[in-house]
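See structure below.
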Amino acid sequence: MSEDPTLKSALARLAPTFLPDGDGIDGLKRLSGGASQETWAFNATGLNGAQRALILRRAPDGVADARSENAITLDQEAQLIEAAAAAGAPVPDIVHVCAPDDRIGEAFVMGRVAGETIARKILRDEAFAAARAALPAQCGAALAKIHAMDAATFEDLPVSSGLDQLDRYKTLYLSFDTPRPVLDLAMSWLAANAPAPLPNVLVHGDFRLGNLMVDENGLAAVLDWELAHIGDPREDLAWICVNSWRFGQTDKRVGGFGDLEPLLEAYAAEGGASFSPADIDWWEILGSLKWGVMCMMMYESYRTGANLSIERAMIGRRVSETEIDLINLLEQV
Amino acid sequence: MHDQPSPAELVVGVRRFLEETTGAEPSAYTAFLTRVSINALQTVERDLAARAGAEAAERAGLAPLAGGDPDASLESLRRKLCDRIRAGEVDLSTPGLLAHLKSTTIAQAKVDQPRYSGLKTALERTE
């Protein structure tokens, strides 16, 4: 999995695109399975020891149609990241969008931003103490800039609001034909108590630790745009609050590192709408429900034999994590 | 108590992993799957120890809320309760509903993820 000579030679041919006098690449390494995209790290090399640290994102084995149902194309992802940079959000530089002649498949190359994505390190290591203090306001500011992007420019992105998502996840849940009363109770409460929709914005769709590059100063880059869509701004503000994404630090509502108030203050100060923490509650419950149904869906791929990895089986035992969170949340509404 | 995946499915998954990786060069990914396999077997141990008691308690709480034959299968009682929730016949305000779901979910999470932060929160609030 970590070596791929065909990919290496294809990238090496592009070296002059990556570096003036670029003459090759080294250190090609697969970073993660990713939900639907492959991520590879490598360095472009040039004369006199010049190097540029880069990341390749591509569709699995270069094939575009294997991605999850709601993911956007890599082409759209590259365009979004460039637009986010123009809007002032911290994102990697897009270096090259691959063409068919590159023989890499559907893919793009971006700058490798230094830092850490592993949530437990960001939440526990002393080296990130200052970052943790800065992150709530930085996340609020970044989301305000993302939500201020011109959604009309991206008219081919999926559109889904809170109730659309509730419907979609309910349909998925019902398709498994596995009665779980906590999920039904959460869905019926959400349907009965939905807040009035807000005007659509560009939503990142997976804004949480794991998808944020964090260095000792805090937020360095917002990654993983493949679930971007047009929808309600509160979805992004709430997803990072979902208890599963606090990684054990449950007393810090935002990502396990901070409070929601400074995030919302920075969000409003950077031009976002003015929200109170209570405005986020419904969306946090929706977020826990969605993660629970996603866990069921991943287990389903084991049950049906589509994916026989023990990891897929075990994720079925994480549905109860979201059920206990839903109970804790529904007790307080 | 839910059984997706069941102890049998977990044991098969771990066995399959061991068969596939025996003699193979260890990699970071097989090390990860080894840890997942250990967790899976620990889940099986907890499941075998807890299921009979948890299901008896679940049945006692579920039968009156579901309004069905108390001797019916747990799955069919659960299905009845889900139908009643979907029909709006029971909701958060129904006496005993949230308490029942909380105790069954605590029992489930103790088997599935005994160190999960949300389980601690639920237990602290119950005390």
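Chains as they are written, first to last, in our numbering: chain A, 41 to 373; chain B, 406 to 532.
Backbone N, C-alpha and C define an ideal beta-carbon position, used for all residues, glycine too.
- For residue 79 (chain A), the three-state secondary structure derived from DSSP is strand.
- For residue 511 (chain B), the nearest beta carbon of chain A is closer than 8 Å to its own beta carbon.
- Under the 8 Å criterion on CB atoms, residue 347 (chain A) is classed as non-interfacial with respect to chain B.
- When the Cα atoms are used, residue 71 (chain A) and residue 252 (chain A) turn out to be separated by approximately 15 Å.
- For residue 49 (chain A), the closest C-alpha among the options A:329, A:64, A:122, A:270 is that of A:64.
- Per DSSP, residue 255 (chain A) is not a residue of any alpha helix (DSSP H); the beta strand (DSSP E) it occupies stretches across 252-255.
- Short of 6 Å from the beta carbon of residue 132 (chain A), and not among the five residues preceding or following it, lie these beta carbons of its own chain, in chain order: 150, 151, 153, 261.
- At least 8 Å separates the beta-carbon of residue 409 (chain B) from that of residue 213 (chain A).
- Taking CB atoms only, residue 498 (chain B) has no neighbour in chain A less than 8 Å away.
- Close to residue 351 (chain A), with beta-carbon spacing below 7 Å, are these residues of chain B in chain order: 438, 441.
- Annotation: the continuous alpha helix (DSSP H) that includes residue 528 (chain B) extends over 522-531.
- DSSP places residue 287 (chain A) in the coil class of the three-state scheme, outside both helix and strand.
- Apart from the 5 residues on each side of it in sequence, residue 317 (chain A) sits with its Cβ closer than 6 Å to the Cβ of 300 in its chain, given in chain order.
- Measuring C-alpha to C-alpha distances from residue 277 (chain A) to each of A:243, A:258, A:256, A:257 identifies A:243 as the nearest.
- Interface annotation for the stretch 478-499 of chain B against chain A: 480, 483, 484, 486, 487, 490, 491, 493, 496, 497, criterion Cβ-Cβ distance under 8 Å.
- Neighbours of residue 339 (chain A) across chain B, judged by C-beta separation under 7 Å: 409, 410.
- Residue 455 (chain B) and residue 373 (chain A) have their C-alpha atoms spaced approximately 31 Å apart.
- When the beta-carbon positions are compared, residue 477 (chain B) and residue 489 (chain B) stay at least 8 Å from each other.
- Across the structure, residue 313 (chain A) and residue 307 (chain A) are spaced so that their CA atoms are roughly 7 Å apart.
- Residue 85 (chain A) is bridged by DSSP to A:64, A:91.
- Taking a beta-carbon distance threshold of 8 Å, residue 445 (chain B) counts as an interface residue toward chain A.
- A Cβ-Cβ contact shorter than 8 Å links residue 182 (chain A) with residue 129 (chain A).
- The Cβ-Cβ distance between residue 449 (chain B) and residue 416 (chain B) falls below 8 Å.
- Between residue 97 (chain A) and residue 147 (chain A), the gap from beta carbon to beta carbon is short of 8 Å.
- The three-state secondary structure of residue 359 (chain A), taken from DSSP, is helix.
- The alpha carbon of residue 356 (chain A) has as its nearest neighbour, out of A:240, A:218, A:208, A:67, the alpha carbon of A:218.
- For the stretch 289-304 of chain A, the beta-carbon criterion of a distance under 7 Å to any beta-carbon of chain B is satisfied by 290.
- Shown here, residue 195 (chain A) sits in coil according to DSSP, grouped into three states, outside any helix or strand.
- What residue 449 (chain B) touches in chain A, judged by beta-carbon distance under 8 Å, is nothing: the nearest beta carbon there is about 10 Å away.
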